[in-house]
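Trainee: Take this structure first; my questions come after.
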Amino acid sequence: MSNFFVSSIGKKFVLSLTGLFLILFLVVHLSVNVLIVFDSTGKLFNQAAHFMDTNPLIGIIEPVLAIGLVLHLVLATIITAQNQLLRDVNYTGNKRYQKSNTRENSSWASRNMYVLGTVILVFLVIHMINFFWKIKVTGDPLLNEATGLEPGVKNAYALVTGLFVQWKWSVLIYVIGAIALGLHLYHGVWSAFQSLGWSNRKWRSILSIIGIIVSLIFAGGFAFIPVFVLIQDMVC
Amino acid sequence: MKLTLKVWRQHSPKDKGRFEEYILQNASSDMTFLEMLDALNEQLISQDKDPVAFEHDCREGICGCCAMMINGRPHGPNAETTTCQLNMKAFKDNDTIVIEPWRARSFPVIKDLVVDRQAFEKIMEAGGFVHMDTGSAPEANTLAVPKGKADEAIEAASCIGCGACVAACKNASAMLFVAAKVSQYALLPQGKPEGGKRAWNMVAKMDELGFGSCTNTGACEVECPKGISLAHIARLNREFIKGGFITLVAEEE
Ligand code: SF4
Ligand code: FES
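These protein sequences, in sequence, are chains A and B.
Letter by letter, the first sequence follows residues 5 to 240 in this note's numbering.
Letter by letter, the second sequence follows residues 924 to 1176 in this note's numbering.
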């Protein structure tokens, strides 16, 4: 059994499980974020953000999430590095034929999961500096604006909308991040089930469709919110 | 038809190798790809040159020998077709065709287009067998196998071990091959006794021999001349994970 996690399939077992686990986080995150769209006073969102900030259960899940993310990153790096290493002999033919894996036989996303993952990671760091860090550690004047809720509730809504309105180009970063996430999920969702052995001829097409839906929901949802905030500001 | 052929030439495993270009004047669209190479070799022999070494045996798509990369596609452009079954109708007059051997760390080139695929044999030795009584064949209907399973097992068994899946894979992974070989036993009652450990042992061997791991791009399935499905890889994963837990609880086995 000790060999399990060293074997190629064992590593992907963990990669897949952590990947699916991280989707749970996306579900919670997007559900909270849509409140920005539905309530332009920001009350609902602030309440939800306050809950996420202070609820002890979330406090327990946060480090688990961080561990999941780190495991996902480390395994992806090991698997990708090993695979690159083992493909040390490649095709030399005419430029057009240098790659064995081409668009004729596989999707771009499936061939570039590590690149997409890196884009998402870079985005995540920027995103955490923008919000998580300010809310949890440094604070920000916008957070102290009145929320209309009980005292002590930070005005996360003002912080979020403030960023997109003040630095309009930041919306672009968020849209790029969302697209990278969508492409990652487009291949990642069905691929995770496949690696866990949870697929067959029939389920493969169902899982691919689920993957596409999941990818559209998260890419669309996360990209829509900053765009919406920007438009709302320009119209009102 | 007139063809320009860019062929990989390599005298020995140690030789660095290079592409050489040949013009073949009178290829015919009625030829198969291997017959076209035969014509090239006749031309080379008549010019006192070394003919191109390529592997072939059955020439009817069942032995898996005729491995080569044709214009960047294993076994050429046609779906579910081995090189020997590939018709020259797939090409046009004045085409340039680039022909290379499989490239993978575990498939070293022996000469020209011929690679050493013994790694596949070693994987088979690690678990691609069943134990059964010898003697005369038992009555065929004594062991009932549901139709769906039998069909799936037969599809898996149609893998000819050609290595196109490895050749096509960006990770040089042999998962489709191993999956087909594990599936053909896992689905049938005869394969059950070794079931728990077969996937485990074959995958361990595959990893050890320097094949990469599967990232589910699906390139192998598209390029496989026998249309082996990725569904078999899911089954292999299942068998392997199950095998992992079996060894966990039953260490003494
Ligand atoms: S799975 Fe397909 S491509 Fe791979 S060795 Fe078998 S027949 Fe060839
Ligand atoms: S020569 Fe036997 S499969 Fe092509």
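By construction, the Cβ of each residue, glycine as well, lies at the ideal position given by its N, Cα and C atoms.
In chain order, what residues of the same chain have a beta carbon less than 6 Å from the beta carbon of E1175/B, not counting five sequence neighbours either side?
Mentor: At E1175/B, the pLDDT of 48 sits below 50, so the modelled position is not reliable and the matter cannot be decided from this model.
Trainee: Can you confirm whether N134/A, when its beta carbon is compared against all beta carbons of chain B, has any partner nearer than 8 Å?
Mentor: no
Trainee: Among all the DSSP beta bridges, which residues are the ones paired with L928/B?
Mentor: Y945/B and I1020/B
Trainee: Count the CB pairs spanning the stretch 133-141 of chain A and the stretch 89-103 of chain A that are closer than 8 Å, and state whether there are at least three.
Mentor: Verdict: no, contact absent.
Trainee: Is the Cβ of L234/A closer than 8 Å to any Cβ of chain B?
Mentor: no
Trainee: Taking beta-carbon pairs under 9 Å, can you tell me which members of the stretch 83-101 of chain A lie near chain B?
Mentor: I83, T84, Q86, N87, Q88, L89, L90, R91, D92, V93, N94, Y95, T96, G97, N98, R100 and Y101
Trainee: Residues of chain B with CB under 8 Å from M117/A, in chain order?
Mentor: T1138
Trainee: Who are the Cβ neighbours of L39/A in its own chain at under 7 Å, not counting the five residues just before and after it?
Mentor: L48, F49 and A52
Trainee: Within 10 Å of its beta-carbon, does N148/A have 16 or more other beta-carbons around it, so buried, or fewer, so exposed?
Mentor: exposed
Trainee: Does at least one heavy atom of ligand 1 sit under 7 Å from the Cβ of F1134/B?
Mentor: No - ligand 1 has no heavy atom lying nearer than 7 Å to the Cβ of F1134/B.
Trainee: Starting from M1047/B, find everything on chain A with Cβ-Cβ shorter than 7 Å and list it in chain order.
Mentor: Ordered by position in chain A, no residue passes the 7 Å Cβ test against M1047/B, which lies about 18 Å from the chain.
Trainee: Got a sec: which bits of the stretch 943-977 of chain B sit with their beta carbon under 8 Å from any beta carbon on chain A, in order along the chain?
Mentor: none
Trainee: When the Cβ atoms of the stretch 198-207 of chain A are set against those of the stretch 945-963 of chain B, are three or more pairs found closer than 8 Å?
Mentor: no
Trainee: Who are the Cβ neighbours of A1055/B in its own chain at under 8 Å, not counting the five residues just before and after it?
Mentor: First, the residue type needs correcting, since residue 1055/B is Met and not Ala in the sequence shown. Within the same chain, M1055/B has close Cβ partners Q1113.
Trainee: How about K929/B: is its C-beta nearer than 8 Å to some C-beta of chain A?
Mentor: Closer than 8 Å to some Cβ of chain A, the Cβ of K929/B qualifies, so yes.
Trainee: Starting from V1032/B, trace the beta strand (DSSP E) both ways and give me its first and last residue.
Mentor: V1032 to K1034
Trainee: Once you ignore the five residues that flank S174/A on each side, which residues in its own chain have a CB closer than 8 Å to its CB?
Mentor: N134, L167, F168 and P230
Trainee: Are the beta-carbon atoms belonging to V1126/B and S11/A less than 8 Å from one another?
Mentor: yes
Trainee: I'd like to know if K1093/B contacts chain A, where contact means its C-beta is closer than 8 Å to some C-beta of that chain.
Mentor: By this cut-off, K1093/B is an interface position.
Trainee: Relative to the C-alpha of Q1041/B, which candidate in N949/B, C1092/B, G1086/B and F977/B has its C-alpha closest?
Mentor: G1086/B
Trainee: Counting contacts by CB-CB distance shorter than 8 Å, is Q170/A in contact with chain B?
Mentor: no
Trainee: With 8 Å as the threshold, decide whether the Cβ of I1164/B is near any Cβ in chain A.
Mentor: yes
Trainee: Are the C-beta atoms of S44/A and some chain B residue less than 8 Å apart?
Mentor: no
Trainee: Put S1059/B into one of helix, strand or coil per three-state DSSP.
Mentor: coil
Trainee: Using Cβ-Cβ distances below 9 Å, what residues of the stretch 1120-1146 of chain B are close to chain A?
Mentor: A1122, W1123, V1126, A1127, M1129, D1130, G1133, F1134, G1135, S1136, C1137, T1138, N1139, T1140, G1141, A1142, C1143, E1144, V1145 and E1146
Trainee: Against chain A, does L1153/B count as a neighbour if the rule is that its beta carbon must be under 8 Å from one of theirs?
Mentor: By this cut-off, L1153/B is an interface position.
Trainee: What residue ranges within the stretch 932-991 of chain B form continuous beta strand (DSSP E) runs of no fewer than 3 residues, ordered along the chain?
Mentor: 941-947
Trainee: Out of G14/A, F55/A, F29/A and L234/A, state which residue places its alpha-carbon closest to the alpha-carbon of Q170/A.
Mentor: The alpha carbon of Q170/A has as its nearest neighbour, out of G14/A, F55/A, F29/A and L234/A, the alpha carbon of L234/A.
Trainee: Taking Cβ positions, are V1037/B and E978/B nearer each other than 8 Å?
Mentor: yes
Trainee: Would you say the beta carbon of C1088/B is closer than 7 Å to some non-hydrogen atom of ligand 2?
Mentor: no
Trainee: Just the C-alpha distance for I83/A and V36/A, rounded to the nearest angstrom, thanks.
Mentor: Those two C-alpha atoms are separated by around 33 Å.
Trainee: Determine which residues share a DSSP beta bridge with V1037/B and list them.
Mentor: K1034/B
Trainee: Quick check on G201/A: does DSSP put it in helix, strand or coil?
Mentor: coil
Trainee: Using DSSP with H/G/I as helix, E/B as strand and the rest coil, what is N134/A?
Mentor: In the structure shown, N134/A sits in a helix (DSSP, three-state: H, G or I).
Trainee: Who are the neighbours of R205/A on chain B, taking C-beta pairs under 7 Å?
Mentor: S1152 and A1154, listed in chain order.
Trainee: Closer than 8 Å, CB to CB, is R1026/B near chain A or not?
Mentor: yes
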